[in-house]
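Those protein sequence lines, which keep their order, are chains A and B. Numbering-wise (numbering that gives the first Met the number 0), the first sequence opens with residue 0 and increments by one. Numbering-wise (numbering that gives the first Met the number 0), the second sequence opens with residue 0 and increments by one. From the three backbone atoms N, C-alpha and C, an ideal C-beta is built for every residue, glycine too. One structure is given here, and the rest of the page talks about it.
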Amino acid sequence: MQALVRLARQAGRQKEIPILAALLILCVVIAWMSPFFLTWQNIFNVFRQFSVIAILAVGEGLIIITGGIDLSVGALLGLMGVLGATLASLGWPAPAVFVATMAFGCAAGTLSGLLITKVRINPFIVTLGMMSVARGTSLLITGGMPISIDNGITYLGGGHIGNVPVSVIIMFIVAICGYVFTTRTLPGRNIYAIGNNERAAKLSGIPTDRMKIMVYVIMGALCALSGMIVSGTLDTAEPAAGTGYELDVIAAVVIGGASLSGGKGSIPGIVMGAAIMGVLRNGFVLLQVSAYWQVVTIGLVIIGAVAIDSIKNRSANA
Amino acid sequence: MNRPILLHTDRISKTFPGVKALDGLNLQVRKGEVHAIVGENGAGKSTLMNILSGVYAPDEGRMTFDGKEVFFKHPRQAQEAGIVMIHQELSLATNVSVMENVYIGRLKTGKLGFVRYREMEKACKELFDRIGIEGIRPDQTIEELSISQMQMVEIAKALSLEAKLLIMDEPTASLTHRETEILLGIIRELREQGVSVLYISHRMDEVFAISDQITVLRDGKYIDTLRTAETSPNEVISLMVGREISKSFKRQYGAVPSGAKPILRVEGLCAGEKVRNVDLEVYPGEIVALTGLVGAGRTELVQSIFGIDPRTAGRIRLDGREVRIRSPRDAIGLGIALLPEGRKIQGIFADMSVRENISMAGLRSFARGLMLMRKKEARAAEEYVSRLAIRTTDLEKEIKFLSGGNQQKAILARWLLTKPRLLILDEPTHGVDVGAKAEIYEIIDRLAQEGVGILLISSELPEVLTLADRILVMRSGEVAAELPVGEADQERIMKFATA
Chain A
0 MQALVRLARQ
10 AGRQKEIPIL
20 AALLILCVVI
30 AWMSPFFLTW
40 QNIFNVFRQF
50 SVIAILAVGE
60 GLIIITGGID
70 LSVGALLGLM
80 GVLGATLASL
90 GWPAPAVFVA
100 TMAFGCAAGT
110 LSGLLITKVR
120 INPFIVTLGM
130 MSVARGTSLL
140 ITGGMPISID
150 NGITYLGGGH
160 IGNVPVSVII
170 MFIVAICGYV
180 FTTRTLPGRN
190 IYAIGNNERA
200 AKLSGIPTDR
210 MKIMVYVIMG
220 ALCALSGMIV
230 SGTLDTAEPA
240 AGTGYELDVI
250 AAVVIGGASL
260 SGGKGSIPGI
270 VMGAAIMGVL
280 RNGFVLLQVS
290 AYWQVVTIGL
300 VIIGAVAIDS
310 IKNRSANA
Chain B
0 MNRPILLHTD
10 RISKTFPGVK
20 ALDGLNLQVR
30 KGEVHAIVGE
40 NGAGKSTLMN
50 ILSGVYAPDE
60 GRMTFDGKEV
70 FFKHPRQAQE
80 AGIVMIHQEL
90 SLATNVSVME
100 NVYIGRLKTG
110 KLGFVRYREM
120 EKACKELFDR
130 IGIEGIRPDQ
140 TIEELSISQM
150 QMVEIAKALS
160 LEAKLLIMDE
170 PTASLTHRET
180 EILLGIIREL
190 REQGVSVLYI
200 SHRMDEVFAI
210 SDQITVLRDG
220 KYIDTLRTAE
230 TSPNEVISLM
240 VGREISKSFK
250 RQYGAVPSGA
260 KPILRVEGLC
270 AGEKVRNVDL
280 EVYPGEIVAL
290 TGLVGAGRTE
300 LVQSIFGIDP
310 RTAGRIRLDG
320 REVRIRSPRD
330 AIGLGIALLP
340 EGRKIQGIFA
350 DMSVRENISM
360 AGLRSFARGL
370 MLMRKKEARA
380 AEEYVSRLAI
390 RTTDLEKEIK
400 FLSGGNQQKA
410 ILARWLLTKP
420 RLLILDEPTH
430 GVDVGAKAEI
440 YEIIDRLAQE
450 GVGILLISSE
460 LPEVLTLADR
470 ILVMRSGEVA
480 AELPVGEADQ
490 ERIMKFATA
């Protein structure tokens with residue numbers, strides 16, 4: 000009986016339930032309007048489409064939980080794809096390309112993290128600058144032309160295990176790692192503390208700067224992973240790949256229940272947020288809504304999600 | 000002494016989701032009377048004040064003010080009727096002059112719409128003279144003023160609004176002893192001029208020094224109104240907590256073994272402008288109080304010991320061994336704990352659970368590698384919740400839903416869990432209700448008996464005199480005097496602090 004009460008109480012605390020409900024309602028509505036939605040082919044399609052957004056959203060989620068933000072994710076994704084493709088075209092074997100690209104991603108994240116913590120520049124500005132630097136570098140390396148890839152590394156984006164795309168499997172692995180990291184580890188707990196009250200976190204002996212650099216490094220690594228997935232899907236690295244992804248990624252995090260003021264958010268919620276974005280985009284295509292309307296709607300969804308968060312906060316503080 | 004009734008509330012009630020914050024409250028305030036409202040945290044004082052000043056509308060009940068029935072939907076309506084509230088967090092525009100703040104929204108202007116500063120300055124000066132405010136020029140900017148001076152500007156502003164009833168919420172919470180005296184003087188002056196004051200405070204000595212009547216609230220209900228001249232602090236406290244307090248807290252002195260080495264020894268410590276050449280020692284089982292005026296450098300001193308602010312000179316020895324402390328992390332590793340001042344700003348992680356708040360500083364002891372052992376963590380948190388009698392329905396509740404006193408006990412638990420040898424407490428009972436305060440005293444006392452060395456910063460002299468074995472008085476960054484508790488009284492301490 001007591002266990003039952005505890006279980007009920009725990010379920011009541013799960014902040015992901017409204018997000019899951021929203022996702023299910025969205026699916027039901029689209030399935031009702033388009034019979035094609037629930038075919039296996041489309042379901043895998045949706046998963047593949049939002050897997051990259053979800054992978055990036057896990058990293059962005061960690062950053063937003065510490066109270067920071069990263070606007071450079073789309074541009075870094077493009078740059079990392081280009082760097083990987085360049086190494087591949089030099090004849091590097093796939094594992095070496097993978098390791099080197101991940102290292103580039105970590106290095107980019109370290110740079111942002113150091114600028115934010117040691118030089119004390121606002122993360123918004125640092126990553127806005129990084130966005131432009133990364134995009135420009137991709138264009139400089141490629142001269143604006145796509146690089147085609149003939150290397151085993153494309154398995155990450157194009158391969159399947161059974162019927163399941165490899166990118167979807169990677170997404171689940173990243174999500175599970177993110178979940179364990181945030182709920183069961185020491186640094187995971189620390190990032191919530193920093194987002195809640197950085198001063199108190201420091202006084203409690205948490206190395207706040209090191210933790211903040213760490214989340215940007217993780218983000219850089221996930222950008223590298225996503226860059227290889229995206230270029231692998233098409234066997235081509237586009238210098239413009241990932242343009243505008245930061246919007247979808249931040250939207251997924253916010254829809255997933257994280258607060259832009261930091262200290263709040265869960266990985267399952269964030270992945271569901273990414274799924275909502277993916278289903279929404281897929282629904283627009285299936286229902287043949289104009290692409291221009293998609294852009295408008297995504298913007299409204301973001302504002303709506305933040306508005307709900309802000310209204311909830313206000314009533315909790317009254 | 001039968002002055003006319005200014006304010007009368009008739010069975011006002013207010014319910015928030017899950018709590019009846021105010022339950023059928025009747026209150027009468029006479030003209031030109033200082034009326035204290037006392038009660039533990041959560042007794043309904045803030046709700047009452049917010050209703051009177053128009054922030055919330057009551058769900059039930061009626062209110063008469065100055066002979067008319069009133070119903071405020073907005074603070075502005077209350078202000079127009081003559082009720083002005085001075086909040087704990089002051090609401091002045093900081094980079095603007097004093098007089099502009101006093102006349103904000105009603106600046107005196109000429110025909111062309113230009114501000115007539117000279118006229119305003121004159122009116123402002125007259126206002127200050129009338130209520131006995133000294134040492135503030137109307138053309139100073141607010142940021143040049145101390146907190147107590149800002150409060151006086153708030154009072155002047157309220158009076159310029161022709162306030163008939165002034166509501167003051169814990170006005171002395173961040174004031175020093177002498178500033179408090181000045182404020183009380185001004186309140187007496189206001190009373191002479193027929194202004195009524197509702198005075199909310201936790202500090203019994205002030206309540207008894209200033210008020211004519213005392214109304215006690217408990218759990219949202221009206222308990223009683225007493226004439227100050229005919230009651231005693233003990234009677235009021237027992238009404239507040241609903242039980243007779245057998246005796247006020249008394250320390251159980253543990254014997255400091257003779258020949259014991261000091262746990263902490265600070266030699267010639269300097270940190271910036273605020274801390275100059277400080278020497279001090281804390282022995283095991285000893286409570287050393289660090290007192291003095293706000294701004295005397297007490298907080299800066301302990302922050303530099305704890306590795307927050309960098310030291311510019313001096314040594315720190317722990318158990319005789321010189322140590323290097325460059326961050327709070329180093330300090331915690333050496334067995335030092337610091338309960339910082341300002342619970343909301345430096346203490347709590349508002350959105351995190353009681354368990355997570357308690358385990359935060361000692362979290363590494365619950366980790367194997369990077370993984371947390373959550374069962375062990377929960378058990379330890381549970382142990383401290385029961386040891387410190389932290390009142391919460393369960394460990395997973397977010398800490399922001401606990402009362403101030405219980406939040407403070409949870410933060411204390413956070414530091415006890417690190418098993419410190421030296422515990423530094425910076426204003427540990429600031430803004431905490433009487434009941435929780437006594438419990439915190441008992442905890443501190445018990446720790447000292449267990450041999451922990453305690454360095455206590457407190458501006459409340461009765462607290463210092465109750466708890467300390469030895470008292471260090473700081474003045475402008477230096478230790479001005481060291482007094483054993485037997486030789487100290489409030490007057491002597493203040494003499495050293497202000498000389």
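Residue i burial status per 10 Å Cβ neighbour count (16 or more: buried)
{"i": "B/F71", "result": "buried"}
{"i": "A/C176", "result": "exposed"}
{"i": "B/W504", "result": "Residue 504 of chain B lies beyond the stretch modelled for chain B, which goes from 0 to 498, so this question has no answer here."}
{"i": "A/I124", "result": "exposed"}
{"i": "A/L23", "result": "exposed"}
{"i": "B/F113", "result": "exposed"}
{"i": "B/E355", "result": "buried"}
{"i": "A/E237", "result": "buried"}
{"i": "A/E189", "result": "It is worth fixing the name first, because residue 189 of chain A is Asn in this sequence and not Glu. Per the 10 Å Cβ criterion, buried."}
{"i": "B/Q489", "result": "exposed"}
{"i": "A/P17", "result": "exposed"}
{"i": "A/I310", "result": "exposed"}
{"i": "B/F365", "result": "buried"}
{"i": "A/L70", "result": "buried"}
Simplified DSSP assignment, three categories, for residue i
{"i": "B/G60", "result": "strand"}
{"i": "A/A99", "result": "helix"}
{"i": "A/F35", "result": "coil"}
{"i": "B/M149", "result": "helix"}
{"i": "A/Q293", "result": "helix"}
{"i": "B/Y102", "result": "coil"}
{"i": "B/D425", "result": "strand"}
{"i": "A/S251", "result": "According to the sequence provided, residue 251 of chain A is Ala. The question's Ser does not apply to it. Three-state DSSP puts A/A251 in a helix."}
{"i": "A/Q13", "result": "coil"}
{"i": "B/P327", "result": "helix"}
{"i": "A/A236", "result": "strand"}
{"i": "B/Y282", "result": "coil"}
{"i": "B/R136", "result": "coil"}
{"i": "B/F15", "result": "strand"}
{"i": "A/G298", "result": "helix"}
{"i": "A/N41", "result": "helix"}
Cutoff 7 Å; reference residue i; Cβ partners in own chain excluding five residues on either side
{"i": "B/E462", "result": "T428"}
{"i": "B/G450", "result": "P283, G284"}
{"i": "B/M151", "result": "I132, I135, I185"}
Sequence-distant residues of the same chain with beta carbon closer than 6 Å to residue i, five excluded per side
{"i": "B/E395", "result": "S352"}
{"i": "B/F495", "result": "V472, A479, A480"}
{"i": "A/I297", "result": "none"}
Neighbour list for residue i in chain B, Cβ cutoff strictly below 9 Å
{"i": "A/I191", "result": "Contrary to the premise, residue 191 of chain A reads as Tyr rather than Ile in this sequence. Those within 9 Å of A/Y191 in chain B are F348, D350, M351, E355."}
{"i": "A/G262", "result": "F348, A349, D350, M351"}
Interface residues of chain A facing residue i [CB-CB closer than 9 Å]
{"i": "B/R363", "result": "L185, G204"}
{"i": "B/M370", "result": "V179, R183, T184, L185"}
{"i": "B/I344", "result": "N196, R198, A199"}
Neighbour list for residue i in chain A, Cβ cutoff strictly below 7 Å
{"i": "B/I50", "result": "Within 7 Å Cβ-Cβ: nothing; B/I50 doesn't reach chain A, min ~14 Å."}
{"i": "B/R328", "result": "G204, P206"}
{"i": "B/I331", "result": "G204"}
{"i": "B/A228", "result": "The contacting residues do not exist; B/A228 stays about 39 Å from chain A at best."}
{"i": "B/A366", "result": "L185"}
{"i": "B/I423", "result": "Result: empty, since nearest Cβ-Cβ is about 11 Å, beyond 7 Å."}
{"i": "B/M359", "result": "A192, S203"}
Cβ shell of residue i (< 8 Å), same chain only, five flanking positions each side left out
{"i": "B/T497", "result": "R177, L292, R474"}
{"i": "B/S195", "result": "L5, L6, V28, R29, K30, G31, E32, V33, H34, K163, L164, L165"}
{"i": "B/K408", "result": "L387, A388, I389, A435, E438, I439, I442"}
{"i": "B/M493", "result": "H176, R177, L460"}
Listed by chain order, chain B residues near residue i by CB distance under 7 Å
{"i": "A/N195", "result": "F348, A349, D350, M351"}
{"i": "A/K201", "result": "P327"}
Those residues which DSSP pairs with residue i across a bridge
{"i": "B/I4", "result": "B/R29"}
Within chain A, partners of residue i - CB distance below 8 Å
{"i": "B/L160", "result": "Within chain A, no residue comes near B/L160; the closest Cβ sits about 26 Å away, beyond 8 Å."}
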